[in-house]
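Colleague: Below is a structure I'd like to ask you about.
Residue numbers (this note's numbering), protein chains in the order written: chain R, 519 to 590; chain P, 408 to 736.
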C-alpha cells in the first residue's frame with residue numbers, strides 16, 4: 519500500500535528543509551502511492567548519504583538545471 | 408585539396424562571381440530582356456563554399472541558382488581555377504522559410520499565437536477572459552504583457568510580438584489592463600497579466616488548433632500522469648504529461664532577477680519532444696477534455712524522462728482568482 523497525498527505533503531515540507539539547494543519540491547506518484555520529488559540545479563555531491571525516503575515516503579531526485587521564463 | 412587551398416581558390420573565385428553580378432546590373436540598366444517569366448525571376452547568382460569529400464579532402468562547393476549557369480563561362484572559369492576539384496550543384500531559388508501561423512499576424516486573434524508588450528520579445532496568447540461587466544481581455548504572463556512589472560496600465564500589446572515583426576501601433580490589439588506583480592523577494596503563485604482587447608479586433612476564444620474546442624475550466628486539480636496539451640508561439644501544438652504538482656520553491660530566472668513560485672505544475676513532453684520552449688510563455692494548458700488546467704510560464708532545458716526538459720505552469724484556478732477573471736469559452 520502506497521503513501522497518501524497527506525503523508526506525501528508532510529514529507530514534502532521536511533524535504534524543503536533538508537535539501538536547501540533545491541529548485542523545486544513537489545508531489546509525484548510511484549507505483550500505487552504518492553512520493554516527494556526534489557528538483558536540483560546540479561547533481562548532489564554526497565550521493566551516498568542522500569535519504570531515499572522521509573518518514574517512509576519515497577523521495578525522487580531529478581537534476582533539472584536552471585529554470586527560465588519561456589521567452590525568446 | 409587541403410582546406411587552406413580550397414579557401415584560397417574560393418577567395419579567387421569570388422572575383423569571377425563579382426564580375427558576373429556587375430555585368431548583370433549593367434545589362435539591366437539597358438532594359439529588361441524578353442525572356443520567359445521563369446527565367447526572369449530566377450536569380451543569376453553563384454554561392455561559393457567548401458565541400459567535404461569521401462577521402463577526407465575538400466573541394467570547392469559551387470551552388471548556382473539558375474540552370475544555365477551550370478555550364479556557363481563563369482562556372483567553367485571556376486572549374487579551371489580549382490583544377491576540376493569542384494562540386495557544382497543547381498539549387499534553384501532559395502526561399503525564406505515561412506513562419507508558422509502562430510508566429511504571424513492573426514486576425515481574428517487566436518489562442519496560441521504570438522503576442523507581447525511593445526517592449527517585450529514574444530510570448531503566447533493563452534486565452535480570452537473577462538471580469539464582471541467588462542470587455543474581453545487577453546490572458547498571458549506578466550513577463551509577456553507587463554514586462555516583468557516594468558510596464559504601465561494602458562501600454563500597447565502587439566500581435567504578433569515585436570520578435571515576430573509586430574509594430575507599434577500598427578499591430579496593437581490590446582492595452583495592458585492588470586497584472587499580478589512578480590515578487591523577487593518572496594514566493595509567488597502566479598505570473599499572469601491581462602490586456603483589454605481593442606475595439607474592432609476580432610478574436611476566437613474557443614478553438615485550440617488541432618486540439619479542439621476549449622470546454623471550460625477543470626474543476627479539480629491535476630494529478631500525476633494526467634495528459635495535457637497546449638498551443639504555443641514557438642512549438643505550436645504539443646502534448647505532455649503532468650509529472651509533479653504542488654511544486655514549491657520553483658526558482659525561475661527572469662531578466663530582473665530570480666523569483667520563486669509555490670504550488671506549481673511540472674510537465675514533460677510526450678515522445679521525444681519538449682512540451683515547451685522559449686516563446687511559449689503564456690500558453691494555456693488543457694487536459695484531455697480540453698478543460699483549462701494551467702498557464703505555462705517557465706521551463707528547464709534538462710530533465711524529464713525523455714531528456715527534453717521540463718515545463719512549469721501556474722494552476723489556472725490560482726490565475727483566475729488572482730486577477731478576478733473568468734474564462735470566455
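Built from N, CA and C at the ideal position, the CB exists for glycine as well.
(1) With which residues is residue 545 of chain R paired in a DSSP beta bridge?
(2) Is DSSP giving residue 619 of chain P helix, strand or coil here?
(3) To the nearest angstrom, how far is the alpha carbon of residue 693 of chain P from that of residue 561 of chain R?
(4) Taking the beta strand (DSSP E) that residue 562 of chain R belongs to, which residues open and close that run?
(5) Do you know offhand how far residue 645 of chain P's Cα is from residue 728 of chain P's?
(6) Less than 6 Å between C-beta atoms, sequence neighbours within five positions excluded: which residues of the same chain meet that for residue 456 of chain P?
(7) For residue 608 of chain P versus residue 583 of chain P, is the C-beta spacing smaller than 8 Å?
(8) Hey, does residue 585 of chain R have any beta-carbon neighbour from chain P nearer than 8 Å?
(9) Taking DSSP as the reference, what is the three-state secondary structure of residue 732 of chain P?
(10) What residue range is occupied by the uninterrupted alpha helix (DSSP H) comprising residue 558 of chain P?
(11) Which class does residue 569 of chain P belong to by DSSP, given the choice of helix, strand or coil?
(12) Against residue 546 of chain R, what residues of chain P qualify as contacts under a CB-to-CB distance less than 7 Å, listed in chain order?
(13) Express the C-alpha separation of residue 701 of chain P and residue 726 of chain P in angstroms, rounding to a whole number.
(14) Determine which residues share a DSSP beta bridge with residue 647 of chain P and list them.
(15) Need the endpoints of the alpha helix (DSSP H) that residue 496 of chain P sits in, please.
(16) Apart from the five residues just before and just after residue 605 of chain P, which ones in its own chain have a Cβ nearer than 8 Å to its Cβ?
(17) By the 10 Å Cβ neighbour count, where 16 or more other Cβ atoms means buried, how is residue 399 of chain P classified, buried or exposed?
(18) Give a yes or no on whether the C-beta atoms belonging to residue 588 of chain P and residue 556 of chain P are separated by under 8 Å.
(19) List, in chain order, every chain R residue whose beta-carbon is nearer than 9 Å to that of residue 696 of chain P.
(20) Could you pull out every residue in the same chain whose Cβ sits closer than 8 Å to the Cβ of residue 544 of chain R, ignoring the five residues on either side in sequence?
(21) So that I know if they touch, is there some Cβ in chain R lying closer than 8 Å to that of residue 473 of chain P?
(22) One question on the structure: do residue 458 of chain P and residue 466 of chain P come within less than 8 Å of each other, judged by their Cβ atoms?
(23) Might you give, ordered along the chain, the residues of its own chain that have their beta carbon closer than 7 Å to the beta carbon of residue 445 of chain P, omitting 5 neighbours on each side?
(24) Between the Cα of residue 640 of chain P and those of P/490, P/507, P/717, spot the shortest distance and give me the residue it belongs to.
(25) Which residues in the same chain as residue 560 of chain P place their Cβ atom closer than 6 Å to its Cβ, once the five residues preceding and following it in sequence are excluded?
Modeller: Inspection of the coordinates gives the following:
(1) R/554, P/652
(2) strand
(3) 32 Å
(4) Run containing residue 562 of chain R: none; DSSP gives neither H nor E here.
(5) 26 Å
(6) 468
(7) no
(8) yes
(9) coil
(10) No alpha helix (DSSP H) holds residue 558 of chain P; DSSP gives it neither H nor E.
(11) helix
(12) 631, 650, 651
(13) 8 Å
(14) P/635, P/676
(15) Careful: residue 496 of chain P lies outside any alpha helix (DSSP H), inside the beta strand (DSSP E) at 493–497.
(16) 579, 580, 581, 582
(17) Absent from the structure is residue 399 of chain P, since the part of chain P shown begins at 408 and ends at 736.
(18) yes
(19) Within 9 Å Cβ-Cβ: nothing; residue 696 of chain P doesn't reach chain R, min ~21 Å.
(20) 530, 554, 555, 557
(21) no
(22) yes
(23) Only weak support exists for where residue 445 of chain P lies, its pLDDT of 46 falling under 50; the value from the coordinates is given anyway. Excluding sequence neighbours, residue 445 of chain P sits near nothing in its chain.
(24) P/507
(25) 583
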